[in-house]
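Chemist: I'd like to ask you about the structure that follows.
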Amino acid sequence: MRAVGALVAVAAFGCGGKKQPHHDDAALAASAARDATTPGDATPAIPARSEHAVWELVPNRHTAHRAIDGEVVIDASGVDFARFIRFGMPVPRWHLGKVVEGERAAVADRVASLEVPLSHAQRASTQLTLRIHGSAKQAITLKLNGRKASPKGAPAAVKLDPGWQTLAVPLDPAHLVVGENQLAIETSGGKEPIAVAWLRIGTATPRGDQDPRDALAFDAPGDAFELAQNAEVAWYVTIPDGANLVAMVTAAPSAAAPSHSPVPCRIEVAARAGDDSLTGGVLAADAPRVDLSGSAGKVVRLALIARDCLRARVIHPRITLHGPAPVALPQADPPKYIILWVMDALRADKIPIFTPGARAQTPNFDELAKSSTVFRQYYVQGNESQTSHSSIWTSLYPAVHGVRLAGDPKNINSNLSRRFELIATQLAAAGFYTTACTGNGYVNADDGYDRGFKEFRNMMRETGVENDFIPGKKIVDAALGQLDKHRDGPTYLFLGTIDTHGPWVARKPWIDIYSPGPYKGPFQEFGTAKDLGFKPGSMGCSIIPPPADIERLRAIYDSAVSYHDEQVGRVVAKLKSWGIWDQTMLIITADHGEELFEDQRCGHGGSLRDTLLRVPLLVHDPARFPAGTIVEEGAEGVDLLPSMLAAIGKPPLPAAQGDALEPLAQGLGKGWARPSYASMYEYAHAMRIGRWKVRVGHSGVPLIDDLVADPGETQDLTTTHPVERRMLTDDLGLFLSLRTHWQKRTWGVVTAMTPAGAAALDVASTP
Numbered sequence: 035m036r037a038v039g040a041l042v043a044v045a046a047f048g049c050g051g052k053k054q055p056h057h058d059d060a061a062l063a064a065s066a067a068r069d070a071t072t073p074g075d076a077t078p079a080i081p082a083r084s085e086h087a088v089w090e091l092v093p094n095r096h097t098a099h100r101a102i103d104g105e106v107v108i109d110a111s112g113v114d115f116a117r118f119i120r121f122g123m124p125v126p127r128w129h130l131g132k133v134v135e136g137e138r139a140a141v142a143d144r145v146a147s148l149e150v151p152l153s154h155a156q157r158a159s160t161q162l163t164l165r166i167h168g169s170a171k172q173a174i175t176l177k178l179n180g181r182k183a184s185p186k187g188a189p190a191a192v193k194l195d196p197g198w199q200t201l202a203v204p205l206d207p208a209h210l211v212v213g214e215n216q217l218a219i220e221t222s223g224g225k226e227p228i229a230v231a232w233l234r235i236g237t238a239t240p241r242g243d244q245d246p247r248d249a250l251a252f253d254a255p256g257d258a259f260e261l262a263q264n265a266e267v268a269w270y271v272t273i274p275d276g277a278n279l280v281a282m283v284t285a286a287p288s289a290a291a292p293s294h295s296p297v298p299c300r301i302e303v304a305a306r307a308g309d310d311s312l313t314g315g316v317l318a319a320d321a322p323r324v325d326l327s328g329s330a331g332k333v334v335r336l337a338l339i340a341r342d343c344l345r346a347r348v349i350h351p352r353i354t355l356h357g358p359a360p361v362a363l364p365q366a367d368p369p370k371y372i373i374l375w376v377m378d379a380l381r382a383d384k385i386p387i388f389t390p391g392a393r394a395q396t397p398n399f400d401e402l403a404k405s406s407t408v409f410r411q412y413y414v415q416g417n418e419s420q421t422s423h424s425s426i427w428t429s430l431y432p433a434v435h436g437v438r439l440a441g442d443p444k445n446i447n448s449n450l451s452r453r454f455e456l457i458a459t460q461l462a463a464a465g466f467y468t469t470a471c472t473g474n475g476y477v478n479a480d481d482g483y484d485r486g487f488k489e490f491r492n493m494m495r496e497t498g499v500e501n502d503f504i505p506g507k508k509i510v511d512a513a514l515g516q517l518d519k520h521r522d523g524p525t526y527l528f529l530g531t532i533d534t535h536g537p538w539v540a541r542k543p544w545i546d547i548y549s550p551g552p553y554k555g556p557f558q559e560f561g562t563a564k565d566l567g568f569k570p571g572s573m574g575c576s577i578i579p580p581p582a583d584i585e586r587l588r589a590i591y592d593s594a595v596s597y598h599d600e601q602v603g604r605v606v607a608k609l610k611s612w613g614i615w616d617q618t619m620l621i622i623t624a625d626h627g628e629e630l631f632e633d634q635r636c637g638h639g640g641s642l643r644d645t646l647l648r649v650p651l652l653v654h655d656p657a658r659f660p661a662g663t664i665v666e667e668g669a670e671g672v673d674l675l676p677s678m679l680a681a682i683g684k685p686p687l688p689a690a691q692g693d694a695l696e697p698l699a700q701g702l703g704k705g706w707a708r709p710s711y712a713s714m715y716e717y718a719h720a721m722r723i724g725r726w727k728v729r730v731g732h733s734g735v736p737l738i739d740d741l742v743a744d745p746g747e748t749q750d751l752t753t754t755h756p757v758e759r760r761m762l763t764d765d766l767g768l769f770l771s772l773r774t775h776w777q778k779r780t781w782g783v784v785t786a787m788t789p790a791g792a793a794a795l796d797v798a799s800t801p
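Below, the structure written as structure tokens:
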């Protein structure tokens, strides 16, 4: 590992649109700003400006890409190589961050592949150079996009020498495409697997043993990086409104110029979006900022290229927004009462405060939002009750808590292990009386969800029927009764209602509003399991009714949403009548959503669509969660336990993977896209970043959605939006490689890492 630390950094493709001319992005950006750039050694004071940083480049070095002289360079030495190996699906073929004869590298199985992004110019590459470790009598065969990589007449297999070697392999550019290219490496012979430290794709010019990664070096302690002349570093990011790229630029010592170069350095900046638009300029000693507001709201490839001097040093590079940094609210008394209300199978897109324009009437949610913080991009970590409840209970991702990972009803772990700390165990230890009342039969004592509760009532289990009908009013009345008996002291109440879970019940007066006129079908008052073909133990229907019946069922569901809203009003009114409303932290959310035939399914557990993953999250606790605040950045179920502990002044759990939402609610990081992640039994995964979402299953082939233009997720944009695809695959790929270790509190999120998180990744490895 070099002194500056292990960094995966890869040169990336341009905007990659179809039939678009190739542009030298940096040259165009420099031309646009050349009049503002003046040579000189002096570094004038940055003009006074009220601004604050929302993203820092150096701590996010593990999602950086690199190039030298316009050629792609891929560093395979660290865990960030995971961004190029199709998420390790269906099984991991690369083992990352290993040390092989003194060098960090990725160790490959006999057949392993990676995806390489190429620009218009890079698509003409004629040579692959790689640093590879082999053994005697071993050879590799390369394929590009399913075809032989080398030109006609070149040998198919390339023999390896024992130990480390730098190998040049000719490429047939006819097999390359603009955008993502699959490079497969097949190994034959030898007893040990091969290892790869780096790859370079470009021309056939001899390179010797020179390590192209030396052209870019990160200095984490100095919050800086150095670029050799004509070297490039780039990130795929979403640019917020009013963004500026700010940094100091100086000349750095190099082998050819041991002292500082008298030639001033320029850093050309180019932010190119998928629509081929370009925003940019020049960073220099006397030009410390580039206005990126022309790319506001777009995903761009943000590239920085060193010009003029032999080696440039870029210090404190960051993206800023106008205005002072958010200030935390004054410290306040902790809540005396904490209520976690999980509404089973409730979709966020059915409630107007979460999705403006939704049909259901929810006046109580609307009123409650005025004194609460509303999170509009909130994901649960699973698409059914037990996985998501387990992540909420533990602040652990599914790969760690292990509940329902198999996806096979005959081979499922439904038990929440006693080795994990839970919400109730923590609040009980903090002096809270812990009580629960739920109608969800799968959140039960047999599977460990009652641990830490002094009183735990599962009303569904009392009926003896797996999915019986229990109206929300009955569950709310029982829960309020439990709270009333113990409200003389600190109390934690878990409340679980099930009105938006099947069998759906038509609620008046709303059903007559949402489904006016005569209806003659089978769903007069109920959406019954029998009429939809639900089988015992299943979570989805097997019968697709005709369109009129589907519309009726959707109206019944919306009437249940409004009925749920009525119960919200009842609870708030009761807490106010008791005089404890101002001492209460009320968290309202759901365990998953519900598919209503948008993709020929109903129920849940069957996909990773937003209809199942994106659910409401509202937090009423004005001392910590500002009233009337809407949060558009990503939040997750694993964040609820840390939020409760932070509210009562207790230290975070060392093992927790989530982070308290209080800072986000108070504006910390506002404007910078944060991810939300979910798992489907650990054989499929999804991540949403702003309006963009990626889903990936067994094949490792991503599906890309634009949830603003296509909220129904009907059009896969994988081949038409390479910039957005690379942003999403960078972030999901890096996260998945470390999801069993990721801790948001110390590492940040994958779109905005902390210095501590970056340092941990510098030395991380995978099995």
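Residues in the sequence shown are numbered consecutively from 35, following the numbering used here. Yeah, the Cβ is synthetic: ideal placement off N, Cα and C, and Gly gets one too.
Output the residue ranges of the beta strand (DSSP E) runs that lie fully inside the segment 83-108 and measure 3 residues or longer, sorted by chain position.
Modeler: Those beta strand (DSSP E) runs which fall completely within the segment 83-108 and span 3+ residues are 85-90, 99-102.
Chemist: For A70, which of helix, strand or coil comes out of DSSP?
Modeler: Here A70 scores only 39 on pLDDT, less than 50, and its place in the model should not be relied on; the value that follows carries that caveat. In the structure shown, A70 sits in a helix (DSSP, three-state: H, G or I).
Chemist: Helix, strand or coil for D803, going by three-state DSSP, please let me know.
Modeler: Any property of residue 803 remains undetermined from this structure, which presents the chain solely from 35 to 801.
Chemist: Determine whether the beta carbon atoms of I578 and I373 lie at a separation below 9 Å.
Modeler: Their beta carbons are not under 9 Å apart, which means I578 does not touch I373 by this criterion.
Chemist: Just to confirm before moving on: does the CB-CB distance between P124 and T800 stay below 9 Å?
Modeler: No, they are not a contact pair.
Chemist: Kindly identify the DSSP beta-bridge partner or partners of A318.
Modeler: Paired residues: R300, A321.
Chemist: Just confirm the distance between the C-beta atoms of P676 and G692, as a whole number of angstroms; I'd bet it's less than 8 Å.
Modeler: Contact holds; Cβ gap of about 5 Å.
Chemist: To the nearest angstrom, how far is it from the Cα of N94 to the Cα of S184?
Modeler: Spanning the two alpha carbons is a distance of roughly 35 Å.
Chemist: Indicate whether the contact test is met: 3 or more Cβ pairs, each with one atom in the segment 725-739 and one in the segment 372-387, closer than 8 Å.
Modeler: With the cut-off at 8 Å, the segment 725-739 and the segment 372-387 do not touch.
Chemist: Starting from the N-terminal side, write out each stretch of the beta strand (DSSP E) that is 3 residues or longer and does not extend beyond the segment 456-480.
Modeler: Here the runs fully enclosed are 467-472.
Chemist: Counting only the same chain and skipping the five closest in sequence on each side, list residues whose C-beta sits under 6 Å from that of R722.
Modeler: Hits under 6 Å: S710.
Chemist: Is the segment 243-259 touching the segment 173-187 in the sense that three or more CB pairs, one from each, lie closer than 8 Å?
Modeler: Judged by Cβ distances under 8 Å, the segment 173-187 makes no contact with the segment 243-259, as fewer than three pairs qualify.
Chemist: The beta strand (DSSP E) spanning L450 covers which residue range?
Modeler: That residue, L450, is in no beta strand (DSSP E); it is neither H nor E in DSSP.
Chemist: By how many angstroms is the C-alpha of F115 removed from the C-alpha of P505?
Modeler: Straight-line Cα distance between these residues: approximately 51 Å.
Chemist: Here's the rule I'm using: 16 or more other beta-carbon atoms within 10 Å means buried, otherwise exposed. How should H356 be labelled?
Modeler: The residue is exposed, with fewer than 16 neighbouring Cβ atoms inside 10 Å.
Chemist: According to DSSP, is K193 part of a helix, a strand, or is it coil?
Modeler: Here K193 sits in strand by DSSP.
Chemist: Let's see if you can read the secondary structure: which residues bound the beta strand (DSSP E) around F252?
Modeler: Taken as a continuous stretch (DSSP letters only), the beta strand (DSSP E) holding F252 covers 250-253.
Chemist: If you measure between the beta carbons of S327 and G276, is that distance less than 9 Å?
Modeler: Yes, these two residues count as a Cβ contact at 9 Å.
Chemist: Is the segment 642-649 touching the segment 344-351, taking contact as three or more C-beta pairs under 8 Å?
Modeler: No: the two stretches stay apart, fewer than three of their Cβ pairs being nearer than 8 Å.
Chemist: Our contact map puts G450 next to W427 with C-beta atoms below 8 Å; I'd like the distance itself, whole angstroms only.
Modeler: First, the residue type needs correcting, since residue 450 is Leu and not Gly in the sequence shown. Sure, about 6 Å apart at Cβ, within 8 Å.
Chemist: Here's the rule I'm using: 16 or more other beta-carbon atoms within 10 Å means buried, otherwise exposed. How should N179 be labelled?
Modeler: Label assigned to N179: exposed.
Chemist: What is the DSSP secondary structure of L62, reduced to helix, strand or coil?
Modeler: Reliability of the predicted coordinates at L62 is poor, the pLDDT of 49 falling under 50, and no value is obtained from them.
Chemist: Report yes or no: do the segment 183-201 and the segment 143-157 share at least 3 C-beta pairs separated by less than 8 Å?
Modeler: Not touching, per the Cβ criterion.
Chemist: In this structure, what does DSSP give as the bridge partners for L652?
Modeler: According to DSSP, L652 bridges with V408, I622.
Chemist: DSSP beta-bridge partners for R491?
Modeler: Looking at the DSSP assignment, R491 forms a beta bridge with C471.
Chemist: Pick out whichever of K370, G236, T472 has its Cα sitting closest to the Cα of T497.
Modeler: That would be T472, whose Cα lies nearest to the Cα of T497.
Chemist: For L770 and G416, what's the separation of their Cα atoms in angstroms?
Modeler: Each residue's alpha carbon lies about 15 Å from the other.
Chemist: Given a cut-off of 9 Å, decide if V280 and R300 are closer than it, judged by their beta-carbon atoms.
Modeler: No, Cβ-Cβ distance for R300 and V280 is not below 9 Å.
Chemist: Which word fits G168, buried or exposed, when buried means at least 16 other C-beta atoms lie within 10 angstroms of its C-beta?
Modeler: So G168 counts as buried.
Chemist: How far does the beta strand (DSSP E) with N215 in it reach, from first residue to last?
Modeler: Run containing N215: 213-222, per the beta strand (DSSP E) assignment.
Chemist: Measuring only the C-alpha atoms, how far is I273 from T313?
Modeler: If you take the alpha carbons of I273 and T313, they lie about 11 Å apart.
Chemist: I believe A786 touches R658 by the beta-carbon criterion, under 8 Å. Please report the beta-carbon distance rounded to the nearest angstrom.
Modeler: Wrong, their Cβ atoms sit about 22 Å apart, outside the cutoff.
Chemist: Going by the DSSP bridge assignment, what does R635 pair with across the sheet?
Modeler: According to DSSP, which records beta bridges pairwise, R635 is partnered with nothing at all.
Chemist: Going by DSSP, name the residue or residues bridged to R234.
Modeler: Looking at the DSSP assignment, R234 forms a beta bridge with V107, T163.
Chemist: Which residue marks the beginning of the beta strand (DSSP E) containing P736, and which one marks its end?
Modeler: First-last of the beta strand (DSSP E) with P736: 736-740.
Chemist: Look at the Cβ atom of E758, then the Cβ atom of K704, and state whether they are nearer than 9 Å.
Modeler: No; because the gap between Cβ atoms is not below 9 Å, this pair is not in contact.
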